[in-house]
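Residue numbers (the UniProt record's numbering): 1 to 362.
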């Protein structure tokens, strides 16, 4: 209802569910701030004129009761406005971090200077993201090098992509069309050229687009290959001779840690356990797993996370694939040499095998 108060040339098109909420609080803050500025400036000008030098206005101290009531009223009004704004902004922020359970999950990797995405069907894109209109989309973001910021102005969506960490955001597009995808965090020489597009399609058009994409393994399948090739299955299964926790069905569970603490197995826990395995050691196990920081790309870590989340209930953790260490796979964090912006990834990248032992995660 506030959108009409801002001229269209001063704001980008609103094309998501969150956009209207963000615009509303922006206008609300603008109106409240303007009212306060007008009140303060108006009082300053009024008193300056009324009590100017030589004016007959009565001067002197106000009665104590008037002074006290004014101070209490002004403080109470300010507190009320602050609480209202805090509640309003917090409710929008909580919604922005709470994607619906049926959201389409898309993994995003930022790299100098491009965006790489992969959806649940395995479709991969560079600097483009195809989504259906009216469907919630959950983004799992990370960076392959420096800090980037995934920014779609029309969706009022901005979230940092951080190296060795995973952040998330979600949106639901309300209009079909093509919208700008930018990086809003300075990330190096070609930062201004890190441009992309979000293409919102009708559901039937999106389904047809998916059928035209090259058949590829999804993230969970890629993660299963890595799980076998990197030797994770040699430690993290029920039949392993190495004393390491099994990962079957562990997603979302609360696990006891050394020192009496507990942790919930989610994206952050899996990622931290791969990169810093000695930080959160599962109770009853020795911290013998090596760190894979710098040995796995962010895309490979995303694949492993997806496998542990979605695949361990469907696949045999003992190593049913029987892959040779030299077999090629393509992880979303690895860029093929012939990949160019606005093209779908087509060439596989080599991932060498290396055994691991023990720890909380592969």
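Ideal placement from N, C-alpha and C gives every residue a C-beta, glycine not left out. Since the model is a prediction, treat every value here as computed from it, not as a measurement.
*Inter-residue Cα distance where the pair is residue 266 and residue 187*: 28 Å
*What are the partner residues of residue 50, as DSSP defines its beta bridges?*
Answer is none; residue 50 lacks a bridge partner.
_Coarse secondary structure for residue 316, derived from DSSP in three states_ = With a pLDDT of only 38 at residue 316, under 50, the local geometry of the prediction cannot be trusted, and the value read off the model is given with reservation. Reduced to three states, the DSSP call for residue 316 is coil.
*asked:* Going by beta-carbon coordinates alone, are residue 171 and residue 137 separated by less than 8 Å?
replied: yes
_Which residues DSSP lists as bridging residue 366, in chain order_ = Here the chain has residues from 1 to 362 only, and residue 366 is not among them.
_I'd like to know whether the C-beta atoms of residue 268 and residue 280 end up nearer to each other than 8 Å._
no
*Between residue 27 and residue 80, what straight-line distance do the alpha-carbon atoms span, to the nearest angstrom?*
18 Å
*Best match in 191, 211, 162 and 249 for proximity to residue 299 [C-alpha to C-alpha]*: 162
_Limits of the beta strand (DSSP E) - the one that residue 282 falls within_ = No beta strand (DSSP E) holds residue 282; DSSP gives it neither H nor E.
*Where DSSP assigns a beta bridge to residue 163, which residues make up the other side?*
143
*Endpoints, the alpha helix (DSSP H) within which residue 299 is located*: 298-306
*Span separating the alpha-carbon of residue 95 from that of residue 271*: 24 Å
*6 Å Cβ shell around residue 220 - same chain, five flanking residues per side excluded*: 306, 307, 310 and 311
*Should residue 74 be labelled buried (16 or more other beta-carbon atoms within 10 Å of its own) or exposed?*
exposed
*Going by alpha carbons, who is nearest to residue 255 out of 229, 284 and 61?*
284
*Look at residue 157 and residue 169 and say whether their C-beta atoms are less than 8 Å apart.*
yes
*asked:* Strictly by DSSP, which residues pair up with residue 289?
replied: DSSP lists no partner for residue 289.
*Could you tell me which uninterrupted alpha helix (DSSP H) segments, each at least 4 residues in length, are contained entirely in the region 13-52, listed from first to last along the chain?*
17-50
_Which residue marks the beginning of the alpha helix (DSSP H) containing residue 105, and which one marks its end?_
Segment 104-111 is the beta strand (DSSP E) holding residue 105; no alpha helix (DSSP H) there.
*Would you grab the beta carbon distance between residue 201 and residue 114 for me? Rounded to a whole angstrom, and I think it's under 8 Å.*
Their Cβ separation, rounded to whole angstroms, is 22 Å, which puts residue 201 and residue 114 out of contact at 8 Å.
*Taking C-beta to C-beta, are residue 150 and residue 139 nearer than 8 Å?*
yes
_Tell me the DSSP secondary structure of residue 118 in three-state form._
strand
*asked:* Across the region 142-149 and the region 105-119, are there enough close Cβ pairs to call them in contact, namely three or more that are closer than 8 Å?
replied: yes
*In whole angstroms, what separates the C-alpha of residue 40 from that of residue 159?*
36 Å
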